[in-house]
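K.L.:
Each protein sequence line maps, in turn, to chains U and G. Taken in order, the first sequence gives residues -8 to 135; the numbers are from this note's numbering. Taken in order, the second sequence gives residues -8 to 135; the numbers are from this note's numbering. Cβ atoms here follow ideal geometry from the backbone N, Cα and C, with glycine treated the same way. These numbers were taken from a predicted model, which means no experiment stands behind them.
Protein chains: 2
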Amino acid sequence: MSAMSKPKVKKINHVAIVVEDIDEALKFWDEGLGVELSHIQEVPSQESRVAFLPTGESEIELVQPTSNDSGVARYLEKRGPGMHHICVEVEDIREALAHLKEKDIRLINEVPEERDGILYAFIHPESTQGVLVELYELPEEKRD
Amino acid sequence: MSAMSKPKVKKINHVAIVVEDIDEALKFWDEGLGVELSHIQEVPSQESRVAFLPTGESEIELVQPTSNDSGVARYLEKRGPGMHHICVEVEDIREALAHLKEKDIRLINEVPEERDGILYAFIHPESTQGVLVELYELPEEKRD
């Protein structure tokens, strides 16, 4: 029995899709399907550019590598374009990571990273039957 | 120029994940991460059983094949477990399919199928840079 309670999950924050070409991908997602582009952002730390397409309370993120040797570029080369990870938003990321660790789930980030005030951490696909899962904890002002 | 307007997308309805073993997968998703199981349903038409885990306005669906020769079983054998498709809910699925077709996007189902009152159709990954996308139109009584 665990003394810790389960993490409180709020929602799917986003689904990230690796694409070869954001403009081509937008022809399907935005012009075809109607999930409209909000903005495109360069993310130098990940060597990629990301298109954000909000829908309902979640987002679809289209990720295009901007170098040949980033993690995303290697993923694209190895597996081709497709769904890359799913991000769920939790109430308290440090509690969530502690609980997952207690359950012997392998973490990529044992301590959350931070970008634009958002705390995030990845869980290793080895412990999730092949799905790369990201956790987000948003700062107060970015919560719904 | 298209005379038709873009489909109205409401939200991500679900993300479907193919797993080898639902009970094992629930150890991560439910007991570890805290995305709680609502129910498990046998889907004989797809030769699979599906665990439904609602979170926010969306669901995570864990799909386990119950035969060796279904589409899902072949996917699992070929690609291993992982994210299988993303389903977005639209206001009017027939209008959405007509619009997509007009944009030369290849459809798996040109006419919606129906299950439990839900109209659904799949879009071919060839036209989406590798992502299997499902459309849902819910009947009035199942909408939020």
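For proline 72 of chain U, which residues in chain G fall below 8 Å Cβ to Cβ?
P.N.:
The answer, in chain order, is Gln120, Gly121 and Val122.
K.L.:
Roughly how many angstroms separate the alpha carbons of asparagine 4 of chain G and histidine 30 of chain U, rounded to a whole number?
P.N.:
So the alpha carbons of these two residues sit roughly 23 Å apart.
K.L.:
What would DSSP say about arginine 40 of chain G, mapped onto helix, strand or coil?
P.N.:
In the structure shown, arginine 40 of chain G sits in a strand (DSSP, three-state: E or B).
K.L.:
I need the DSSP call for serine -7 of chain G, collapsed to helix, strand or coil.
P.N.:
Note that serine -7 of chain G scores a pLDDT of 49, beneath 50, so its modelled location is shaky and nothing firm can be said.
K.L.:
Going along chain G in order, which residues have a C-beta closer than 7 Å to the C-beta of alanine 16 of chain U?
P.N.:
Correct list: Gln120.
K.L.:
Against chain U, does glycine 62 of chain G count as a neighbour if the rule is that its beta carbon must be under 8 Å from one of theirs?
P.N.:
Output row for glycine 62 of chain G: interface = no.
K.L.:
Which residues in the same chain have their Cβ closer than 6 Å to the Cβ of proline -2 of chain U, if we skip the five residues on either side of it in sequence?
P.N.:
If we look at proline -2 of chain U and ignore the five residues flanking it on each side, its Cβ neighbours are Val81, Ala87 and His90.
K.L.:
Cβ closer than 7 Å: which chain U residues qualify as neighbours of valine 137 of chain G?
P.N.:
No statement about residue 137 of chain G is possible, as the shown extent of chain G runs from -8 to 135 and does not include it.
K.L.:
Buried or exposed: histidine 115 of chain G, going by 16 or more other Cβ atoms within 10 Å of its Cβ?
P.N.:
So histidine 115 of chain G ends up on the exposed side.
K.L.:
With 8 Å as the C-beta to C-beta threshold (strictly closer), list the residues of the segment 84 to 104 of chain U near chain G in chain order.
P.N.:
Per Cβ criterion, the list reads Ala87, His90, Leu91, Lys94 and Ile96.
K.L.:
How many Å lie between isoleucine 77 of chain U and proline 130 of chain G at the Cα?
P.N.:
Distance between the alpha carbons of isoleucine 77 of chain U and proline 130 of chain G: 27 Å.
K.L.:
Apply the 10 Å Cβ neighbour rule to serine 49 of chain U and answer buried if 16 or more other Cβ atoms are within range, or exposed otherwise.
P.N.:
That one is buried.
K.L.:
Tell me, please, whether the segment 17 to 29 of chain G touches the segment 50 to 68 of chain U by the rule of three or more beta-carbon pairs shorter than 8 Å.
P.N.:
Contact between the segment 17 to 29 of chain G and the segment 50 to 68 of chain U is absent, because fewer than three Cβ pairs lie under 8 Å.
K.L.:
Determine, using beta-carbon pairs with one atom in the segment 104 to 112 of chain G and one in the segment 50 to 63 of chain U, whether at least three such pairs fall under 8 Å.
P.N.:
Flag = no, the segment 104 to 112 of chain G and the segment 50 to 63 of chain U do not touch.
K.L.:
Which partner residues of alanine 161 of chain U appear in the DSSP bridge assignment?
P.N.:
Limits of chain U in this structure are -8 at one end and 135 at the other, which puts residue 161 of chain U out of reach.
K.L.:
Taking just the CA atoms, how far does isoleucine 13 of chain U sit from valine 34 of chain G?
P.N.:
If you take the alpha carbons of valine 34 of chain G and isoleucine 13 of chain U, they lie about 36 Å apart.
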